[in-house]
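Residue numbers (the numbering used here), protein chains in the order written: chain B, 2 to 347; chain G, 185 to 405.
Just so you know, even glycine gets a beta-carbon here, dropped at the ideal spot from N, CA and C.
Data block below; observations after.
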């Protein structure tokens, strides 16, 4: 378990850089065995947060507790022992170019003072776990990004940590490889019960892997909770912005160029409907068309699954003049679908 | 060229190699740790000691900016203390070592600073001690650069070793000055220069080869 108690982190001014407050009075707990996504824009304080968990940084105020030991007060040998139960993977993999895949995985074990024989057994297990047993004698320069991150994951898990920290671990990978690595992390969480904390600026990563999410902005936690709850009812503008990355709130270019602000005789009103919830998106268009007795046209739609729930937006064209459009908006509002008027098309 | 002269060249080459190799070994023994310390002791670094770093850096700079021939003369009392004499190849090792140590330290510092800082953070994140980081991360990762640095140091030492000939240090430089210049034997001067060129070429070629061998960064099968 990881717990932050009133944690602040200030980087003092250095040379020509002013002092920076990376975290302000942060309070939250990450339950054992969970997968928690920490999402925020660049510079929001995500990296500081993850480096406080494994003691690479010290808080300016407050306590950071990992597995009942207060890591924020440990130093020297005690800190190094505690760090062995916290693994970390990195955006740029951070493998040693002078070591083979197997030797890279062995490094934390050598540091922890394991015997050669024990290391060999453990490394073989780990290579198998991450699915790159055949690459054991390859150097990082001979491997792809996905293979390198698999080595990074094996290395992070080598000393059987309880917590795995991921610092933008898929940000340097293509979408397909990202998916494979996230699947691997999900397996590791399920089979080994390792608590995973994912730092990311990519909504898709949180969506695919995390069950809980912490949204962080300007050093504050602005929202946190179950992924489905947070993203079906986003309150903070930052959360909404991340959500729109997935469901899209932009109007297709071809449509935008045809949109008029004033009603066009014989034209259609364009509205956008946000759909949320398990069964919501399925029938709303049909029900709306039946209610209005007009042919509702679907101009664009984007629906995705977040935390097991459908979330998305539909852009609809309603014929039948202003009266029909007004009825459509009130019908949708009545049924708790957020709706907005975009304009008119011919 | 007479057999006698050829023997002189062989003997002088031996002296030069002796001076250079002993000086290179001793200077590396001192220069490597000093270089590692210089590379890791600024503010916020592994062995942070900015004041010591600053003083050490100044000493290194001072030694490096003293012309070698002046250094040789200036430390004659110290050389006598260590070697018992200030003349001959054995004695020449003292100023050679003192000149090469700061040179090697700066080259080592450069090579160590080339190592990606992310690797230090990574090793710290799984609980490596500063010394473990030096021996398991920094030195292995900097090895190609370190090999090239030592190669450069040996080549420079060959040049310096020819200079100690001017003050009775023996070796190829001594031979070149006494026979080639003072007795005006151009063929002797030429022979000395050719042997020095061959030595430098050999050292550089071997160094480049070793550096390539230990460099896994760009290797593909």
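First through last residue of the alpha helix (DSSP H) which encompasses residue i
i                      : result
residue 340 of chain G : 323-347
residue 345 of chain B : No alpha helix (DSSP H) contains residue 345 of chain B, which is instead part of the beta strand (DSSP E) from 340-346.
residue 328 of chain B : 322-335
residue 68 of chain B  : Note, residue 68 of chain B: premise wrong, no alpha helix (DSSP H); not H, not E.
residue 111 of chain B : 102-112
residue 268 of chain G : No alpha helix (DSSP H) holds residue 268 of chain G; DSSP gives it neither H nor E.
residue 220 of chain G : 187-224
residue 358 of chain G : 355-359
residue 259 of chain G : That residue, residue 259 of chain G, is in no alpha helix (DSSP H); it is neither H nor E in DSSP.
residue 320 of chain G : It is not in any alpha helix (DSSP H) - residue 320 of chain G carries neither H nor E in the DSSP assignment.
Beta-carbon proximity list for residue i, same chain, < 8 Å, skipping 5 on both sides
i                      : result
residue 357 of chain G : 200, 345, 346, 347, 348, 349, 350 and 376
residue 231 of chain G : 221, 224, 225 and 314
residue 307 of chain G : 316, 317, 320 and 321
residue 325 of chain B : 270, 293, 295 and 319
residue 146 of chain B : 94, 173, 174, 175 and 178
residue 312 of chain G : 320 and 321
Contacts around residue i, its chain only, beta-carbon distance under 7 Å, and the 5 residues preceding and following it disregarded
i                      : result
residue 405 of chain G : For residue 405 of chain G, the pLDDT reaches just 44, beneath the cut-off of 50, and the residue's location in the model is therefore unreliable, although a value from the coordinates is still provided. Taken in chain order, the list of residues that qualify is empty.
residue 400 of chain G : none
residue 371 of chain G : 185
residue 236 of chain B : 224
residue 84 of chain B  : 55 and 56
residue 131 of chain B : 151, 154, 155 and 185
residue 262 of chain B : 344
Endpoints, the beta strand (DSSP E) within which residue i is located
i                      : result
residue 348 of chain B : One cannot answer for residue 348 of chain B here, as it falls past the ends of chain B, which runs 2 to 347.
residue 89 of chain B  : 87-91
residue 29 of chain B  : 21-31
residue 227 of chain B : 221-227
residue 201 of chain B : 196-201
residue 119 of chain B : That residue, residue 119 of chain B, is in no beta strand (DSSP E); its alpha helix (DSSP H) goes 117-130.
residue 10 of chain B  : 3-12
residue 215 of chain B : 213-218
residue 303 of chain B : 298-307
residue 39 of chain B  : 36-40
Buried/exposed call for residue i, threshold 16 Cβ in 10 Å
i                      : result
residue 95 of chain B  : buried
residue 345 of chain B : buried
residue 243 of chain G : exposed
residue 334 of chain B : exposed
residue 270 of chain G : buried
residue 293 of chain G : buried
residue 397 of chain G : exposed
residue 167 of chain B : buried
residue 291 of chain B : exposed
residue 363 of chain G : buried
residue 19 of chain B  : exposed
residue 289 of chain B : buried
As assigned by DSSP and simplified to three states, the class of residue i
i                      : result
residue 140 of chain B : coil
residue 184 of chain B : helix
residue 405 of chain G : The predicted position of residue 405 of chain G is uncertain, since its pLDDT is 44 and thus under 50; no value can be drawn from it.
residue 230 of chain G : coil
residue 250 of chain G : coil
residue 316 of chain B : strand
residue 386 of chain G : helix
residue 238 of chain G : helix
residue 292 of chain B : helix
residue 367 of chain G : coil
residue 165 of chain B : strand
residue 46 of chain B  : coil
residue 18 of chain B  : strand
residue 64 of chain B  : strand
Residue i versus the options, residue with shortest Cα-Cα distance
i                      : options                       : result
residue 207 of chain G : G/255, G/275 and G/262        : G/275
residue 246 of chain B : B/203, B/263 and B/271        : B/203
residue 48 of chain B  : B/153, B/34 and B/217         : B/217
residue 99 of chain B  : B/128, B/141 and B/127        : B/141
residue 340 of chain B : B/129, B/276 and B/284        : B/276
residue 273 of chain B : B/138, B/302 and B/6          : B/302
residue 251 of chain G : G/265, G/238, G/267 and G/287 : G/287
residue 5 of chain B   : B/337, B/43, B/300 and B/65   : B/65
residue 332 of chain B : B/45, B/305, B/312 and B/287  : B/287
residue 191 of chain B : B/200, B/109, B/210 and B/24  : B/210
Neighbourhood of residue i by C-beta, 6 Å cutoff - its chain only, sequence neighbours within 5 removed
i                      : result
residue 22 of chain B  : 11 and 220
residue 88 of chain B  : 157, 158, 162 and 165
residue 227 of chain G : 234
residue 354 of chain G : 199, 272 and 273
residue 91 of chain B  : 168
residue 285 of chain B : none
residue 263 of chain G : 270, 275 and 278
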